[in-house]
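Student: For the sequence shown, the positions run 1 to 247 when UniProt numbering is used.
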Amino acid sequence: MTEFLETPQGRRIAYNRTPGRGPGVVFLGGLVSDMTGTKAVHLEAWARTQGRAFLRFDYSGHGESSERFEDGCIGDWAEDAQQAITTLTEGPQVLVGSSMGGWISLLMARAIPERITGIVGIAAAPDFTEDSMWADASDAQRAQLIHEGFFMVPSDYSDDGYIVTRRMIEDGRQNLVLRHPLALPFPVRLLHGTADTDVPVAVGLRLMEHATCADLRLTLVKGADHRFSTLDCLELITETIVALPGT
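1) Could you tell me the distance, in whole angstroms, from the CA atom of Gly-72 to the CA atom of Gly-20?
2) Applying the criterion that 16 or more other CB atoms from any shown protein chain within 10 Å of the CB defines a buried residue, is Ser-138 buried or exposed?
3) I'd like the list of long-range same chain contacts for Phe-150, defined as Cβ closer than 8 Å, with 5 residues on each side in sequence excluded.
4) Going by C-alpha to C-alpha distance, which of Ala-135, Lys-222, Pro-181 and Val-188 sits closest to Thr-194?
5) How is the alpha helix (DSSP H) around Gln-50 delimited, first residue to last?
6) So for Glu-83, helix, strand or coil by DSSP?
7) Counting only the same chain and skipping the five closest in sequence on each side, list residues whose C-beta sits under 8 Å from that of residue 315.
8) Looking at the strands, I want to know which residues DSSP matches up with Met-152.
9) Can you tell me which residues form a DSSP beta bridge with Gly-24?
10) Please classify Ser-99: is it buried, with 16 or more other beta-carbons within 10 angstroms of its beta-carbon, or exposed?
11) Measuring alpha carbon to alpha carbon, tell me which of Pro-154, Asp-160, Leu-88 and Arg-12 ends up nearest Thr-18.
12) Check Ile-116 in the structure and name its three-state DSSP category.
13) Among the candidates Val-177, Pro-92, Ser-105 and Asp-136, whose CA atom is the shortest distance from the CA of His-210?
14) Are the CB atoms of Arg-179 and Thr-240 nearer to each other than 8 Å?
15) What span of residues does the beta strand (DSSP E) with Thr-247 cover, start to end?
16) Going by DSSP, which residues form a beta bridge with Ser-98?
17) Under the rule that 16 or more other beta-carbon atoms within 10 Å means buried, what is Met-152, buried or exposed?
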């Protein structure tokens, strides 16, 4: 059953929580996705069969949570995630971050490392506002962003595409993780499909090279796309969680 968490910032975050033993598992979704997606629901069902605590939730401006998507930014969604983790879970957690959720999980590693026992990144997309949205924007789009405060980009996941705002770009620059030291004092597993056209494999390789981590592995799955939601991919996610040391 969906419940709601009021954050100190006044946002209302929708979530579903499954009780169970720890370490718990928290799913962090991607941009313009919600907690009813294939990976989130699959992980919840798996957690129930294993008796594992599990949490899925919608960032503000996503799914059933309050606020408008176009008013949000990485910093807001990281605040939402931190509130959800610290308020709705107990003890150490495995963070499973999909795409943008991979970036959010790395921000959580900075903010609350004591609450994290491991990270599983699925097509993790750190710094994408700078390295993808801004870097790939045309001169016309950049001019529109500066003068009008936004531009639209097409998306395979939305008929209308989605909006990129000046606040999203500027805030993203305050939350970059690949330009500064990134200590990950727990096991990290990165899963990435070779057919991912949204987040290139090179991003995973860059993250692997950049992070300071004693136990970090990158697994490439030939032919898997950005959704990473085939049965084989879903089973690989749960197998990776189970195999994490200390879980």
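Beta carbons: idealized from backbone N, C-alpha and C, even for Gly.
Tutor: Per the coordinate set shown:
1) For this step, residue 72 is matched to residue 72 along the sequence shown. For this step, residue 20 is matched to residue 20 along the sequence shown. The straight-line gap separating the alpha-carbon atoms of Gly-72 and Gly-20 is approximately 32 Å.
2) Taking the first residue of the sequence shown as position 1, residue 138 is located at position 138. By the Cβ-count criterion, Ser-138 is exposed, with fewer than 16 other Cβ atoms from all chains shown falling within 10 Å of its own Cβ.
3) Stepping through the sequence shown from its first residue, residue 150 is reached at position 150. Within the same chain, Phe-150 has close Cβ partners Glu-70, Gln-144, Ile-163, Val-164, Thr-165 and Arg-166.
4) Locating residue 194 in the sequence shown gives position 194, where the first residue counts as 1. Closest by alpha carbon: Lys-222.
5) In the sequence shown, the residue the question calls residue 50 occupies position 50. Its alpha helix (DSSP H) spans residues 38-50.
6) Along the sequence shown, read from residue 1 onward, the residue named residue 83 stands at position 83. According to the sequence as given, residue 83 is Gln; it is not Glu. Looking at Gln-83 - three-state DSSP - the assignment turns out to be helix.
7) This structure gives no information on residue 315, because the portion of the chain shown stretches from 1 to 247.
8) The residue you call residue 152 lines up with position 152 of the sequence shown. Met-152 is bridged to Ile-163.
9) By 1-based counting over the sequence shown, the position of residue 24 is 24. For Gly-24, which the question treats as bridged, DSSP gives the partners Gln-93.
10) For this step, residue 99 is matched to residue 99 along the sequence shown. Flag for Ser-99 reads buried.
11) The residue given as residue 18 occupies position 18 in the sequence shown. Closest by alpha carbon: Leu-88.
12) The residue you call residue 116 lines up with position 116 of the sequence shown. Note: Ile-116 maps to strand in three-state DSSP.
13) Here residue 210 refers to the residue found at position 210 of the sequence shown. Across the set Val-177, Pro-92, Ser-105 and Asp-136, the C-alpha of Val-177 shows the shortest separation from the C-alpha of His-210.
14) In the sequence shown, residue 179 corresponds to position 179, counting from 1. In the sequence shown, residue 240 corresponds to position 240, counting from 1. Cβ atoms of Arg-179 and Thr-240: not closer than 8 Å.
15) Here residue 247 is taken as the residue at index 247 of the sequence shown, counted from 1. Judged by DSSP secondary structure, Thr-247 falls outside any beta strand (DSSP E); it is assigned neither H nor E.
16) Position 98 of the sequence shown, counted from the start, is the residue given in the question as residue 98. The beta-bridge partner set that DSSP reports for Ser-98 consists of Ile-122.
17) Your numbering for residue 152 matches position 152 in the sequence shown. By the neighbour-count criterion, in which 16 or more other beta carbons inside 10 Å mark a residue as buried, Met-152 falls on the exposed side.
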